[in-house]
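K.L.:
Below you will find the structure I want to go over with you.
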Amino acid sequence: MKHLHDKQRRHGFTLIEVSLSMVILSIILLISVQVLGLTQRAWKRGVARVEQFREARMAFDSISENLRQAILNTYQAYQYNTGNTPTIPTSQSQSPTKYIRQSELQFVTGQAQTLLPGAQATSLVTQAMFFQARLGLSDRLGYEGLNRLLCGRGYFIMYTGNDAFRPQHVSAQSMRFRLWEYRPTAEENTVYSVKPGQWFLKAPTSVITASETLTTPADTRPIAENIIALIISPQVTTDDAALKKTTPWWIAPKYAYDSTQLLNATTDSPQGTQHMLPPRVVVTLVAIDEASARKLAEKYPDTMPQLVPTGAFTLADNRQKDLKDLATKLRAEQLNYQVFSTTINMRNSKWGLLR
Amino acid sequence: MVIVVAIVTMLIALATPYTLAALQSANLTSAGDTLMQKLAMAQQRSLTENRPVGLDFYYYTEDDIKGCHAIQMISYNPATNQATQLEPPVYFNKQSVVLVEGALSPMFSTNQTATSTGPATWNPFQTLGATFYRVIFYPNGTTSLRTPLRTAYLTLISTKNFKPDISTAPPNYYTVQLDPVTGRGHSYRP
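Here you go:
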């Protein structure tokens, strides 16, 4: 009988065995839940990264595509005087002095705060650029087919909220670094009627507002969020630079380039780079993801975060170093970032022909 | 044995709501991402092919849920007002997701022209009695939408959260805003 009882007992588990296995099972479950949680967080971060950088990549592609089409329509004309309109004689007796290169259009890059002074200047970071291209925008319905109309275009980064345009059910306002596109229509292309440098001045004040209507769409519109730096460096080809025994960015050593100004003049080339499109433009865009932007907004709830170190991106010689410093700063803030950079060969630049 | 079965059952019972919620969320994300991709692709195709390319949104009732259940990319000829299918339709209801009408999706609620909406002209949507709303992308990057940016959005929700005339956003949604002027899409998630 005792023997049988022992045999029966051997088939079951003791309370200690069951408890122990439960404890082990619980530990395994706890670990799995934590691992799952971590994986889910990493996955979410990955998805946010892909989504965020998709928007930045599309904006970058759009900038590249439009910038490539920039045009100056440069021509040679008699110079009669040295005023604002040197090719138009001021009197019948004025005779031409020489041939000069002339254009009414403008290609301009430089520090955003310098190019766009005003109340919004403190919200602007890094650089801006403005140019004309055949982008075919018109105010009028039914003119969509005229896709070669000459229009102004510009890009800059401004730190703003989204009160004016976010959907009603999205309650939280988000202050972000946004990449803005200034896109006046052909009808608004005042480049011929005003002094150079004036046509793009209202870009920061033309941003989209809550009172935007169907018939008066805002000229300045957001094209990507969380873009913290836009760096535009007009350059010549490396062969050209080697020939001149200088750097490719000698035409804009401080990133500033204005086709209407008499810059880089020499005795061989008295007009320098005036009324010429640079043959190449290196465009660099630095984006962070939405999760990082949220973290930044929590850390700096009332002020604009200073991500770009002071004095960075003011000298083209230091471009690589400044980019490295910015990357170090972003890593120190534990922000996910991506740098987009490309060299755009300007289709309409007649550098070799006009020099 | 009984204890093991009981524990496993308990675990399954505990895990099911979370798993279902995760699956619904994944479906919503996938459907929203597809919509974003199609919008970007339509704009890109219009630019590269130098002709208007559109996206048709088909609204009909399926399983007692009224809303947009499918989208389809088309090419559009403004001279003849003819649309040609470019791709097979993408169905949201296969992912248990619906693009709702009303306050959460005001994009198509105003200023519709005769060419941008109407009864579906080809099957299967004609048989389903669907109404289409069309967004056309032009080669210069603009769209045919006639609405300010602040009302140019559509919201996808899980069919589980669907209510007729829904006006407040459920805990999880995928809102896609399309800039009528630049054709750029932007997504909002809670």
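As given, the protein sequences belong to chains A and B, one line each in that order. Residue numbering for the first sequence follows my numbering, starting at -13 and increasing by one per position. Residue numbering for the second sequence follows my numbering, starting at 33 and increasing by one per position. Where is the CB? At the ideal position from N, CA and C, for every residue including glycine. These figures come from a predicted structure and were not determined experimentally.
1) For B/D197, decide whether its Cβ has a neighbour in chain A, counting only Cβ atoms nearer than 9 angstroms.
2) Use the C-beta contact count for A/R139: other C-beta atoms within 10 angstroms, 16 or more gives buried, fewer gives exposed.
3) Pick out the complete alpha helix (DSSP H) segments inside the stretch 69 to 111 of chain A, 4 residues or longer, and give them in chain order.
4) Mind checking if B/V34 is an interface residue toward chain A, Cβ cutoff 9 angstroms exclusive?
5) Quick one: Cα of A/Q159 to Cα of B/R83, how far?
6) If distances are taken between C-alpha atoms only, which option among B/G64, B/T80, B/S137 comes closest to B/Y185?
7) Using 10 angstroms around the beta-carbon of A/M8, count the other beta-carbons present and answer buried if the total reaches 16, otherwise exposed.
8) Check whether the Cβ atoms of A/S327 and A/V268 lie closer than 9 angstroms to each other.
9) Can you tell me where the beta strand (DSSP E) with B/I39 in it begins and where it stops?
10) Assuming A/N316 is part of the beta strand (DSSP E), what are its boundary residues?
11) On the CB-based measure, 16 or more other CB atoms within 10 Å of its CB, does A/E211 come out buried or exposed?
12) Alpha carbon to alpha carbon, what distance is there between A/T60 and A/M332?
13) For A/R207, which residues in chain B fall below 9 angstroms Cβ to Cβ?
14) Whole-angstrom Cβ separation of A/T95 and A/A242, contact assumed at under 8 angstroms?
15) Using only alpha-carbon positions, find the residue among A/Q99, A/W185, A/D205 that is nearest to A/G297.
16) Rounded C-beta distance between A/S50 and A/S245? I'm assuming under 8 angstroms.
17) Taking CB distances under 9 angstroms as the criterion, tell me whether A/Q260 reaches chain B.
18) Do you know how far the Cα of A/D226 is from the Cα of A/T152?
19) Going along chain B, which residues have a C-beta under 8 angstroms from A/M44?
20) From the DSSP secondary-structure annotation, give me the bridge partner or partners of B/L87.
21) As an exercise, report each continuous beta strand (DSSP E) stretch of at least 3 residues that is fully enclosed by the stretch 146 to 231 of chain A, in chain order.
22) How do the stretch 289 to 306 of chain A and the stretch 248 to 263 of chain A stand: do at least 3 beta-carbon pairs fall below 8 angstroms, yes or no?
23) Do you know offhand how far A/E3's Cα is from A/I10's?
24) For A/L340, I'd like the list of residues in its chain whose CB is within less than 7 angstroms of its CB, leaving aside the five on either flank, ordered along the chain.
25) Considering A/T282, what are the terminal residues of the alpha helix (DSSP H) in which it resides?
26) List the whole-angstrom C-beta distance separating A/M144 from A/R164, where the pair is believed to meet the contact cut-off of C-beta under 8 angstroms.
27) Between A/N67, A/P264, A/V21, A/Q92, which has its C-alpha nearest A/T83's C-alpha?
28) Reducing DSSP to helix, strand and coil, say where B/V130 ends up.
29) From the beta carbon of A/V4, is the nearest beta carbon of chain B less than 9 angstroms away?
30) Along the chain, where does the beta strand (DSSP E) containing B/A115 start, and where does it finish?
31) Between the C-alpha atoms of A/M44 and B/H218, what's the straight-line distance to the nearest angstrom?
32) Looking at the secondary structure, which residues open and close the beta strand (DSSP E) in which B/P151 lies?
33) Just by C-beta distance, which residues in the stretch 42 to 61 of chain B are closer than 9 angstroms to chain A?
34) Give the straight-line distance between the Cα atoms of B/P180 and B/P212, rounded to the nearest whole angstrom.
35) Taking a cut of 8 angstroms between CB atoms, which residues from the stretch 134 to 163 of chain A lie near chain B?
36) If you drop the 5 nearest sequence neighbours on each side, which residues of the same chain put their C-beta closer than 7 angstroms to that of A/A172?
P.N.:
A quick look at the data gives this:
1) Here residue 197 of chain B refers to the residue found at position 165 when the second sequence is read from its first residue. B/D197 does not count as touching chain A.
2) Working through the first sequence from its first residue, we reach residue 139 of chain A at position 153. By the 10 Å Cβ count, A/R139 comes out buried.
3) 98 to 101
4) The residue given as residue 34 of chain B occupies position 2 in the second sequence. Not an interface residue.
5) Numbered from 1 along the first sequence, position 173 holds the residue referred to as residue 159 of chain A. Numbered from 1 along the second sequence, position 51 holds the residue referred to as residue 83 of chain B. Each residue's Cα considered, the two are about 37 angstroms apart.
6) On the second sequence, position 153 is the one that residue 185 of chain B refers to. Ranking the options by Cα distance to B/Y185, first place goes to B/S137.
7) Residue mapping note: residue 8 of chain A aligns to position 22 of the first sequence, counting from 1. The residue in question, A/M8, is exposed, as its Cβ has fewer than 16 Cβ neighbours within 10 Å.
8) Counted from its first residue, the first sequence places residue 327 of chain A at position 341. Counted from its first residue, the first sequence places residue 268 of chain A at position 282. Yes, the Cβ-Cβ distance between A/S327 and A/V268 is below 9 angstroms.
9) Position 7 of the second sequence, counting from 1, holds the residue named residue 39 of chain B. It is not in any beta strand (DSSP E) - B/I39 instead sits in the alpha helix (DSSP H) that spans 34 to 81.
10) Locating residue 316 of chain A in the first sequence gives position 330, counting from the first residue. In the sequence on display, residue 316 of chain A carries Leu and not Asn. It is not in any beta strand (DSSP E) - A/L316 instead sits in the alpha helix (DSSP H) that spans 305 to 318.
11) Numbered from its first residue, the first sequence carries residue 211 of chain A at position 225. The residue is buried, with at least 16 neighbouring Cβ atoms inside 10 Å.
12) As a position in the first sequence, residue 332 of chain A is number 346, starting the count at 1. As a position in the first sequence, residue 60 of chain A is number 74, starting the count at 1. Going from the Cα of A/M332 to the Cα of A/T60 covers about 14 angstroms.
13) Residue numbering aside, residue 207 of chain A sits at position 221 when the first sequence is read from its first letter. Within 9 angstroms Cβ-Cβ: L181, D211, V213, T214, R216.
14) Here residue 95 of chain A refers to the residue found at position 109 of the first sequence. Here residue 242 of chain A refers to the residue found at position 256 of the first sequence. Indeed they touch by this definition, with Cβ atoms about 7 angstroms apart.
15) As a first step, residue 297 of chain A must be located in the first sequence, where it is residue number 311. Answer by Cα proximity: A/Q99.
16) Here residue 50 of chain A refers to the residue found at position 64 of the first sequence. Here residue 245 of chain A refers to the residue found at position 259 of the first sequence. Going by Cβ atoms, the distance from A/S50 to A/S245 rounds to 19 angstroms, so no, they are not a contact pair.
17) The residue you call residue 260 of chain A lines up with position 274 of the first sequence. Taking Cβ atoms only, chain B never reaches closer than 9 angstroms to A/Q260, which makes this a no.
18) For the purposes of this step, residue 152 of chain A is taken as the residue at position 166 of the first sequence. For the purposes of this step, residue 226 of chain A is taken as the residue at position 240 of the first sequence. The amino acid at residue 152 of chain A is misidentified as Thr; the sequence shows Arg. Roughly 48 angstroms between the two C-alpha positions.
19) Along the first sequence, one-based indexing puts residue 44 of chain A at 58. Simply A72, R216.
20) Locating residue 87 of chain B in the second sequence gives position 55, counting from the first residue. Answer is B/M105, B/V167, bridged to B/L87.
21) 162 to 168, 206 to 211, 213 to 221
22) no
23) Your numbering for residue 3 of chain A matches position 17 in the first sequence. Your numbering for residue 10 of chain A matches position 24 in the first sequence. For A/E3 and A/I10, the distance between alpha carbons rounds to 11 angstroms.
24) Position 354 of the first sequence holds residue 340 of chain A. Low confidence applies here, because A/L340 scores a pLDDT of 46, under 50, leaving its location unreliable and the question unanswered by this model.
25) Numbered from its first residue, the first sequence carries residue 282 of chain A at position 296. The sequence given here places Leu at residue 282 of chain A; Thr does not occur at that position. A/L282 -> alpha helix (DSSP H) spans 276 to 285.
26) Position 158 of the first sequence, counting from 1, holds the residue named residue 144 of chain A. Position 178 of the first sequence, counting from 1, holds the residue named residue 164 of chain A. Contact holds; Cβ gap of about 6 angstroms.
27) Numbered from 1 along the first sequence, position 97 holds the residue referred to as residue 83 of chain A. Of the candidates A/N67, A/P264, A/V21, A/Q92, the one whose C-alpha sits nearest the C-alpha of A/T83 is A/N67.
28) In the second sequence, the residue the question calls residue 130 of chain B occupies position 98. Looking at B/V130 - three-state DSSP - the assignment turns out to be strand.
29) Position 18 of the first sequence holds residue 4 of chain A. Yes, its Cβ sits closer than 9 angstroms to a Cβ of chain B.
30) Here residue 115 of chain B corresponds to residue number 83 of the second sequence, with the count starting at 1. Residues 114 to 117.
31) Against the first sequence, residue 44 of chain A aligns to sequence position 58. Against the second sequence, residue 218 of chain B aligns to sequence position 186. C-alpha separation (whole angstroms): 11 angstroms.
32) One-based indexing of the second sequence puts residue 151 of chain B at position 119. Counting along the chain, the beta strand (DSSP E) containing B/P151 begins and ends at 149 to 151.
33) L43, A54, T61
34) Here residue 180 of chain B corresponds to residue number 148 of the second sequence, with the count starting at 1. Here residue 212 of chain B corresponds to residue number 180 of the second sequence, with the count starting at 1. So the two alpha carbons sit approximately 7 angstroms from each other.
35) A150, F151, R152, P153, Q154, H155, V156
36) Counting from 1 along the first sequence, the entry for residue 172 of chain A is found at position 186. So the list reads L123, S124, L135, L136, C137, once near-sequence residues are dropped.
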